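Visitor: For reference, the structure I am asking about is given below.
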Amino acid sequence: MLIHCKLVILILVLSVDGQVLLREIFGGHEVVPHSRPYMVLLELHMLHGLTNYCGGFLLNEDSVMTAAHCKARFYTVLLGVHNVHNSGEVQRVSVDQTFPHKDFNSTLLKNDIMLLKLNSKAKFSKNVRPIALAGQDDGSLPKSCRASGWGKTDRNHKYMSHVLREVNVTLTDSEKCRKDNLYCSEGETGPAEGDSGGPLVCEDGKAYGVVSSVLKPKSGGPLIHGFT
Ligand SMILES: *[C@@H]1O[C@H](CO)[C@@H](O)[C@H](O)[C@H]1NC(C)=O
Ligand SMILES: *[C@@H]1O[C@H](CO)[C@@H](O)[C@H](O)[C@H]1NC(C)=O
Numbered sequence: 262m263l264i265h266c267k268l269v270i271l272i273l274v275l276s277v278d279g280q281v282l283l284r285e286i287f288g289g290h291e292v293v294p295h296s297r298p299y300m301v302l303l304e305l306h307m308l309h310g311l312t313n314y315c316g317g318f319l320l321n322e323d324s325v326m327t328a329a330h331c332k333a334r335f336y337t338v339l340l341g342v343h344n345v346h347n348s349g350e351v352q353r354v355s356v357d358q359t360f361p362h363k364d365f366n367s368t369l370l371k372n373d374i375m376l377l378k379l380n381s382k383a384k385f386s387k388n389v390r391p392i393a394l395a396g397q398d399d400g401s402l403p404k405s406c407r408a409s410g411w412g413k414t415d416r417n418h419k420y421m422s423h424v425l426r427e428v429n430v431t432l433t434d435s436e437k438c439r440k441d442n443l444y445c446s447e448g449e450t451g452p453a454e455g456d457s458g459g460p461l462v463c464e465d466g467k468a469y470g471v472v473s474s475v476l477k478p479k480s481g482g483p484l485i486h487g488f489t
C-alpha cells in the first residue's frame with residue numbers, strides 16, 4: 262500500500278458531470294537525453310513521508326513553473342535529469358516560496374498554474390537551461406506542439422517512466438477551451454499521469470502552457486487534454 266501510494270498519479274481526469282477519474286494514456290517516445298534542458302522533475306513531499314511527482318520547467322535561474330494542483334507540503338526541484346536512476350549530475354534545489362494562481366480552482370482545475378521560487382540559484386549547464394515563455398503577441402493558435410514528462414506510458418504500468426518522454430500534440434480550437442483560458446488537444450495520445458506541470462512547447466521552441474488535465478466528455482468522443 263505504501264509503495265503504491267508513493268506512485269500516486271498527478272493528473273486528474275474529470276468527466277463533465279464532475280466525476281473524477283484517473284486514467285493513463287499511450288503514445289510518445291523517449292527524448293534524446295538532455296535535449297530538453299528546461300525540464301524539471303518535481304518531488305512533492307506529502308504527509309506521512311510520501312513522495313509524489315510532477316513535471317515543471319525552468320524559466321530563469323530561480324523560477325520554475327508547474328501546475329497549481331501539484332501541491333505539496335514542501336518540494337525538491339531536480340534539474341538535469343534524464344533517467345531518474347542516474348543521479349550523477351542532477352542538481353537538487355529546495356523551494357523557498359510558492360505562488361499558485363490566485364484564482365486557482367482545484368475542483369474545476371481552473372487557472373491551474375503555479376510559480377516556484379527556488380531557495381538557491383540553478384547552475385546553468387548544457388543539461389540545465391531555461392525556456393522562454395510565449396508572449397501575448399506570439400500570434401494565433403500554434404498547431405504542432407509537444408509535451409514532455411516522466412509520467413506513465415501504459416495503462417498496465419503502475420510506475421512512472423524512468424526516462425524523459427515526449428508526445429506530439431496538435432492543438433484544437435474550441436470555444437470552451439478558449440473560454441477557460443486553455444489550450445486543448447484531443448485523442449488518446451497525450452500527457453498522462455505524472456506529467457502534470459510539464460510544459461507545452463510549440464514550433465518556435467517557446468513554452469505556451471502547462472500540462473493540467475484530461476477531460477472525458479460525458480457525451481463520449483475523444484479525450485480532451487487541457488494545458489493552462
Ligand atoms: C470552484 O468553482 C466552483 C464553481 O464556480 C465553486 O462553487 C467553488 O466554490 C470554487 N472553488 C474554489 C476553491 O474556489
Ligand atoms: C513530432 O513532431 C516533430 C515536429 O513537428 C516531428 O519532426 C516528429 O517526426 C514528430 N514525431 C512523431 C512521433 O510524430
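All you need for our numbering is the position in the sequence shown, starting with 1, plus 261. Where is the CB? At the ideal position from N, CA and C, for every residue including glycine. Everything numeric in this text was worked out from a predicted model, so none of it was measured.
Any heavy atom of ligand 1 closer than 6 Å to the CB of Leu-484?
Guide: Shortest gap from the CB of Leu-484 to any heavy atom of ligand 1: 6 Å or more.
Visitor: When you compare each of Gly-448, Gly-341 and Arg-334 to Gly-481 by their alpha carbons, which one comes out closest?
Guide: Gly-448
Visitor: Nearest to Ala-383 by alpha carbon, out of Lys-332, Pro-478, Phe-318 and Val-354?
Guide: Val-354
Visitor: Quick one: what's got a C-beta closer than 7 Å to Tyr-314's C-beta in the same chain, skipping five residues either side?
Guide: Leu-271, Leu-302, Leu-303, Glu-304, Leu-305, Trp-411, Met-421 and Gly-455
Visitor: Drop a sphere of 10 angstroms on the beta-carbon of Phe-360, count the other beta-carbons inside from all chains shown, and report buried for 16 or more, exposed for fewer.
Guide: exposed
Visitor: At the level of alpha carbons, what is the spacing between Leu-379 and Thr-312?
Guide: 19 Å
Visitor: Could you tell me the alpha carbon to alpha carbon distance between Lys-477 and Cys-406, rounded to whole angstroms?
Guide: Here the C-alpha atom of Lys-477 lies approximately 21 Å from the C-alpha atom of Cys-406.
Visitor: Nearest to Thr-327 by CA position, among Ala-453, Phe-385, Met-300 and Gly-459, is which residue?
Guide: Considering only alpha carbons, the answer is Gly-459.
Visitor: Ligand 2 and Ser-409: does any heavy atom of the ligand fall closer than 6 Å to the residue's C-beta?
Guide: no
Visitor: Starting from Cys-463, trace the beta strand (DSSP E) both ways and give me its first and last residue.
Guide: 460 to 463
Visitor: Comparing alpha-carbon positions, which option in Ser-367, Ala-468, Ala-453 and Leu-461 lies nearest Gly-288?
Guide: When each option's Cα is compared against that of Gly-288, the closest is Ala-453.
Visitor: Would you mind working out which of His-343, Val-351, Phe-365 and Val-475 sits nearest Pro-427, comparing C-alpha positions?
Guide: Note that residue 427 is Glu in the sequence shown here, rather than Pro. Relative to the Cα of Glu-427, the nearest Cα in the group His-343, Val-351, Phe-365 and Val-475 belongs to His-343.
Visitor: Using C-beta distances below 7 Å, list every residue in its chain close to His-486, excluding the 5 sequence neighbours before and after it, in chain order.
Guide: Val-430, Cys-445, Ser-446, Gly-451, Pro-452 and Val-475
Visitor: State the beta-bridge partners of Thr-358 as determined by DSSP.
Guide: According to the sequence provided, residue 358 is Gln. The question's Thr does not apply to it. Note: Gln-358 sits in a beta bridge opposite Lys-378.
Visitor: Given a cut-off of 7 Å on the beta-carbon distance, is the pair Tyr-299 and Arg-439 in contact?
Guide: no
Visitor: Give the secondary structure of Lys-437 by DSSP, where H, G and I count as helix, E and B as strand, and everything else as coil.
Guide: helix
Visitor: Based on the DSSP output, what are the partners of Glu-447 in its beta bridges?
Guide: Ile-485
Visitor: Are the stretch 322 to 339 and the stretch 464 to 475 in contact at 8 Å, needing three or more beta carbon pairs?
Guide: These segments touch.
Visitor: Would you tell me roughly how many angstroms separate the C-alpha atoms of Ala-408 and Thr-414, rounded to the nearest one?
Guide: 13 Å
Visitor: Sorted by chain position, which residues of the same chain lie with C-beta nearer than 6 Å to Ala-393's C-beta, five sequence neighbours on each side aside?
Guide: Non-local C-beta neighbours of Ala-393 in its own chain, meaning closer than 6 Å and more than five positions away in sequence, comprise Lys-467, ordered along the chain.
Visitor: Out of curiosity, what's the CA-to-CA distance linking Val-338 and Thr-489?
Guide: 21 Å
Visitor: Which value, in whole angstroms, describes the spacing of the CA atoms of Gln-352 and Phe-365?
Guide: 29 Å
Visitor: Determine whether the beta carbon atoms of Ala-333 and Met-375 lie at a separation below 7 Å.
Guide: Not a contact, by the Cβ cut-off of 7 Å.
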